[in-house]
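First the structure, in the form of structure tokens, and then the observations on it.
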Amino acid sequence: MRKVLWILGGLALFAGVAAITIQVAVWRNGPAVLSAVDNLTGGERDAQLKATISTGAHPQQKLLVWGPEHRDPADAPLPVMLFAHGGGWRSGDPVDYGFIGRAFVPEGFIVVLSGYRLGEDGKYPAMLEDTASAIAWTHEEIAAYGGDPDRIVIAGHSAGAYNVVMTALEEQWLGRRGLSSSDIAGVIGMSGPYDFAPFKSDSTIAAFGHVDDADSTQPINHARADAPKVLLIQGEEDTLVFPRNSRVLAEQIESAGADPDTRFYAGMDHNAPIISLAAPWRERRDVLNVMTQFARSVSSAAPQIAQTSVPVQGESR
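Residues 715 to 1031 (this note's numbering) make up the sequence shown, in order.
Right under this line is the structure:
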């Protein structure tokens, strides 16, 4: 009996240590752990990393292209999902977001995971310049990877949601790259900060505190009727970037004469929407389906048959 108790005690201790180890790993790099869990529980899903591309001199100016492992070059080009990661404009790496590729490639998309300068090097407007550069590269080069440059949907989580929404709404960033918002089929913001001035959190002060005209940095002040179609996704229990950010932006877009799509999820916190894109959660929640249907709709993409159908942001208002 004593031996059994020793064994049970040892197993309990091992389980406790394992749980603590996983928690520490998630705290240090949640997306990488999430991607590992996704790959372990969901498999590759015929999605494969095709290329890692440098878009500038800085090592964080890069993007990763994911596509089907098995694809006939003669097949029609696929719509594109470009995704910008979160991290409070001070952390994150597209390398850790392979689960996004494994989520959307089986749904019939070429996926581009976009990086951008962070920290001191990435202060406003660097993150917007880099996002525009990633979109410009995609528009110019994605055909070589089986993507359709006329059907690009841009998406992001948290700080990345700010990047893509602001780039889509304020014309100057794409304009500097010889493009316009008409070159984007649609934009998806997940748990994004869109109305957070004056700057109070460490992350927003570091990234935007040097700007004299704080209002100019806020997506709510650039809403317009002729912007790309917008989908906003947010958890009602998000206490890092409060749901009012998405609600106020949606109101501003409606006031400008457009019709945004909004999805607020009861019981979800800041990270839950993006966790919902990874196995095993993607099969239990509808976030992937909502994003897929929106992207297909705005890009006029024909439905495809799918094989299966993280501190990331400092506190904002």
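Every residue gets a Cβ at the ideal spot worked out from N, C-alpha and C, and that includes glycine.
Asked	Found
Can you check whether the CB of residue 989 is closer than 8 Å to the CB of residue 871?	no
Evaluate contact between the region 962 to 969 and the region 991 to 1011, counting only Cβ atoms and requiring at least three cross-stretch pairs below 8 Å.	no
Using CA coordinates, which residue listed in 942, 771, 879, 775 is at the minimum distance from residue 865?	942
Does the contact criterion of 3 or more C-beta pairs under 8 Å hold for the region 788 to 798 versus the region 758 to 767?	no
Shorter than 7 Å, the distance from the beta carbon of residue 816 to the closest heavy atom of the ligand ATP, or not?	The ligand ATP is not part of the structure shown, which contains no ligands of any sort.
Rounding to the nearest angstrom, what Cα-Cα distance links residue 804 and residue 908 in this structure?	18 Å
Under the three-state reduction of DSSP, which class applies to residue 739: helix, strand or coil?	Here residue 739 scores only 43 on pLDDT, less than 50, and its place in the model is too uncertain to base an answer on.
Determine whether the beta carbon atoms of residue 831 and residue 840 lie at a separation below 8 Å.	yes
Ignoring anything shorter than 4 residues or poking outside the region 898 to 985, list the alpha helix (DSSP H) runs there in chain order.	916 to 922, 958 to 970
Helix, strand or coil, according to DSSP, for residue 803 in the structure here?	coil
Compare the Cα-Cα distances from residue 775 to each of 784, 843, 896 and report the closest residue.	843
In three-state terms, what does DSSP make of residue 896?	helix
Taking the continuous beta strand (DSSP E) assigned at residue 781, which residues delimit it?	776 to 782
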